[in-house]
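Comments concern the structure below.
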Amino acid sequence: MKCNFPIPATAIHFQRTEPPPYFIIGPSPRMDIHTFSDIVGCFNLPHKNSPLQKIPEDPRILDTKFFLFTRSINFSHPEILHYNDDGKSLEKSSFNFTKPLKLVAHGYMSSWNEKGSLILANIYLKLYDCNVILMDWHIGARGPQYVNAAANTELVGRQLGMLLTDMVDKGLDANNIHLIGFSFRGTCVWDSFGVLENQRSFNRKDNSQFKRLDAASPLFRNNYLREKYKKLDRTDAHFVDVLHTDASPFVTDGFGLWQPIGHVDFFPNGGQEQPGCTDTRGSIVVTHLEGSLTREIACSHIRAFHLFIESVQNFMERTKGNKDICEFTAFSCPGGLPSFERGHCFPQLDSNNSLAIDPTYRTDIGRFGEDAKGEGVMYFTTRDSSQFCGTQLQASVQISQKTGYTRGILQLKLLLQPSVDFQIKCEILDYIMTGTRMNGLAVAKHRALNESVENITGRLSYLDLQHEENKNKNQTDYIPTLYIDRIIIRDMYGN
Numbered sequence: 017m018k019c020n021f022p023i024p025a026t027a028i029h030f031q032r033t034e035p036p037p038y039f040i041i042g043p044s045p046r047m048d049i050h051t052f053s054d055i056v057g058c059f060n061l062p063h064k065n066s067p068l069q070k071i072p073e074d075p076r077i078l079d080t081k082f083f084l085f086t087r088s089i090n091f092s093h094p095e096i097l098h099y100n101d102d103g104k105s106l107e108k109s110s111f112n113f114t115k116p117l118k119l120v121a122h123g124y125m126s127s128w129n130e131k132g133s134l135i136l137a138n139i140y141l142k143l144y145d146c147n148v149i150l151m152d153w154h155i156g157a158r159g160p161q162y163v164n165a166a167a168n169t170e171l172v173g174r175q176l177g178m179l180l181t182d183m184v185d186k187g188l189d190a191n192n193i194h195l196i197g198f199s200f201r202g203t204c205v206w207d208s209f210g211v212l213e214n215q216r217s218f219n220r221k222d223n224s225q226f227k228r229l230d231a232a233s234p235l236f237r238n239n240y241l242r243e244k245y246k247k248l249d250r251t252d253a254h255f256v257d258v259l260h261t262d263a264s265p266f267v268t269d270g271f272g273l274w275q276p277i278g279h280v281d282f283f284p285n286g287g288q289e290q291p292g293c294t295d296t297r298g299s300i301v302v303t304h305l306e307g308s309l310t311r312e313i314a315c316s317h318i319r320a321f322h323l324f325i326e327s328v329q330n331f332m333e334r335t336k337g338n339k340d341i342c343e344f345t346a347f348s349c350p351g352g353l354p355s356f357e358r359g360h361c362f363p364q365l366d367s368n369n370s371l372a373i374d375p376t377y378r379t380d381i382g383r384f385g386e387d388a389k390g391e392g393v394m395y396f397t398t399r400d401s402s403q404f405c406g407t408q409l410q411a412s413v414q415i416s417q418k419t420g421y422t423r424g425i426l427q428l429k430l431l432l433q434p435s436v437d438f439q440i441k442c443e444i445l446d447y448i449m450t451g452t453r454m455n456g457l458a459v460a461k462h463r464a465l466n467e468s469v470e471n472i473t474g475r476l477s478y479l480d481l482q483h484e485e486n487k488n489k490n491q492t493d494y495i496p497t498l499y500i501d502r503i504i505i506r507d508m509y510g511n
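So the numbering used here is basically just the index in the sequence shown, starting at one, shifted up by 16.
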């Protein structure tokens, strides 16, 4: 086949040939030319500084498919679409080109028919008269070799792009395309736009919406690791919103990206370790080398998908007229993560009016979910289990000047139904300074705090780290004493 892209010396060609495929080995590894029986075009090897020195696998091995759901199809028997049959499966299908498209793509070591994806597809069909596609690339995403799966993302993105091109050619409005990608699956979803833009008069900046759930970090985090034109950012769709749940500035500590890349980037609980998860730092290296990925290791990473599903479920309830449904309200914080963790970015109001946190009226407040709003980096806190959404709270503890220098952690438990726990870390070099105020964040169950709650009972405990060290050294003359002037609990409404 004829390539539609410039072909440098290090290109990889997927062409139509008579099977079996043949391989032409060049004079050096970076001059290899690989030819397969497919129509996906040409691929460039990563530049020499990239650790991703892998090419995609043969498209016939990956066997990528697209499962179509509509209201007219039995949900238990979705129709299968193919990208390489000249649109024949699309023409014979129940795809409605006048209706919106919701496309959901799974991540590493996952599959199209996992429970969460099916729940999401079912909710979308209840919400909208639309086309829902669950993309199946489970062979390309299989473990244990993460690098192989990462290399396959560009190929699979090209395959999706070819299918989207057929859809647009047959009448689908590009403004009605909404892509949801989890982990590095979002990368190949984005790659599909390159095909659509190259083949048709399609401007990704003016069309479509892209939602990326904990965008993958390893091998994708820096420009020197992945070329700019292969990376998603806010210029790549009309609206790009990104959720970061397992981010880290260090490649060994998180599956997700640390840098903001969208029109709005949400960082729940600071975007790192999620409450209720016991992720082991450094697990990324172990997972990728040994293929030992488990839900426990990837708990914070997977939380992104759980948060999104809950947000869509809550959105559906609101469309039914149930206004007393929790929303993931997010806050802009000029001081960044440290200021947010201290609770400095809650509304400074004294009002029960819900308009205090309505993003329609405030530019410093956003909302994560199906109807996401916001701009720039935004933060919110969640509970440690479903329902994750709740009333966000700040605890402010004023330390008396009677207190001498000490080092420790304050733990505050509010005796609500269920209880709410704050763990307040010392602020300055792990030392509580006399007369200082310490802050922490937690989340109460939605509506656990309402107009009928007149009093809140709490329990305060203090773990003195210096005392613990002295006990280990058999030095028991030091008796920790902490004097507190007052404790203030403030909710997300400014009350």
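All residues carry an ideal CB built from backbone N, CA and C; glycine is no exception.
None of the values given here were measured: they were computed from a predicted structure.
What are the boundary residues of the alpha helix (DSSP H) that residue i is part of?
{"i": "L323", "result": "C315 to T335"}
{"i": "D185", "result": "Y162 to D185"}
Output the distance between the C-alpha atoms of residue i and residue j, rounded to the nearest integer angstrom.
{"i": "F438", "j": "R358", "result": "12 Å"}
{"i": "L136", "j": "V120", "result": "9 Å"}
{"i": "I1", "j": "T294", "result": "Absent from the model: residue 1. The displayed extent of the chain is 17 to 511, so no value can be given."}
{"i": "N164", "j": "K70", "result": "7 Å"}
{"i": "F324", "j": "E386", "result": "8 Å"}
{"i": "S92", "j": "K142", "result": "15 Å"}
{"i": "Q329", "j": "I341", "result": "10 Å"}
{"i": "R76", "j": "V172", "result": "11 Å"}
{"i": "H317", "j": "P291", "result": "12 Å"}
{"i": "G159", "j": "I196", "result": "22 Å"}
{"i": "V256", "j": "I415", "result": "43 Å"}
{"i": "R453", "j": "G510", "result": "18 Å"}
{"i": "P350", "j": "N455", "result": "17 Å"}
{"i": "C315", "j": "F321", "result": "11 Å"}
{"i": "Q225", "j": "L259", "result": "14 Å"}
{"i": "F218", "j": "A190", "result": "With a pLDDT of 45 at F218, under the threshold of 50, the modelled position of this residue cannot be trusted, and the question is left open."}
{"i": "Q288", "j": "L465", "result": "27 Å"}
{"i": "H360", "j": "S348", "result": "10 Å"}
{"i": "S105", "j": "L97", "result": "5 Å"}
{"i": "E470", "j": "L430", "result": "13 Å"}
What span of residues does the beta strand (DSSP E) with residue i cover, start to end?
{"i": "Q414", "result": "G406 to I415"}
{"i": "F113", "result": "No beta strand (DSSP E) contains F113, which DSSP labels as neither H nor E."}
{"i": "F384", "result": "I381 to F384"}
{"i": "D257", "result": "F255 to L259"}
{"i": "K81", "result": "K81 to F85"}
{"i": "N511", "result": "Here N511 belongs to no beta strand (DSSP E), and DSSP marks it neither H nor E."}
{"i": "N90", "result": "Premise fails: N90 is in no beta strand (DSSP E) and is neither H nor E."}
{"i": "D152", "result": "N147 to D152"}
Helix, strand or coil: which one does DSSP assign to residue i?
{"i": "T422", "result": "strand"}
{"i": "A460", "result": "strand"}
{"i": "V120", "result": "strand"}
{"i": "G202", "result": "The predicted position of G202 is uncertain, since its pLDDT is 49 and thus under 50; no value can be drawn from it."}
{"i": "L141", "result": "helix"}
{"i": "I472", "result": "coil"}
{"i": "P75", "result": "helix"}
{"i": "N338", "result": "coil"}
{"i": "K429", "result": "strand"}
{"i": "E95", "result": "strand"}
{"i": "S401", "result": "coil"}
{"i": "K104", "result": "helix"}
{"i": "S133", "result": "helix"}
{"i": "T303", "result": "Annotation note: pLDDT 43 at T303 (below 50); position unreliable, coordinate value reported separately. Helix."}
{"i": "L353", "result": "helix"}
{"i": "R358", "result": "coil"}
{"i": "A7", "result": "Summary: the structure shown does not reach residue 7, with the chain confined to residues 17 through 511, and so no result is reported for it."}
{"i": "N455", "result": "strand"}
In the DSSP assignment, what residue or residues form a beta bridge with residue i?
{"i": "H194", "result": "K118 and Q225"}
{"i": "M125", "result": "In DSSP, M125 forms no bridge with anything."}
{"i": "S348", "result": "M394"}
{"i": "F283", "result": "Y395"}
{"i": "Y478", "result": "L426"}
{"i": "I500", "result": "I415"}
{"i": "Q439", "result": "Q427"}
{"i": "K389", "result": "R383"}
{"i": "I505", "result": "A411"}
Exercise for review: Please determine if the segment 113 to 126 and the segment 147 to 160 are in contact, where contact requires at least 3 C-beta pairs separated by less than 8 Å.
Suggested key: Yes: at least three Cβ pairs fall under 8 Å.
**Study point:** Validate contact between the segment 80 to 88 and the segment 150 to 165 using beta carbons, cut 8 Å, 3 pairs
**Key:** Taking a contact to require three or more Cβ pairs closer than 8 Å, the segment 80 to 88 and the segment 150 to 165 qualify as touching.
**Study point:** Inter-stretch contact (C-beta, 8 Å, three-pair minimum) for the segment 274 to 292 and the segment 379 to 399
**Key:** Yes: the two stretches touch, three or more of their Cβ pairs being nearer than 8 Å.
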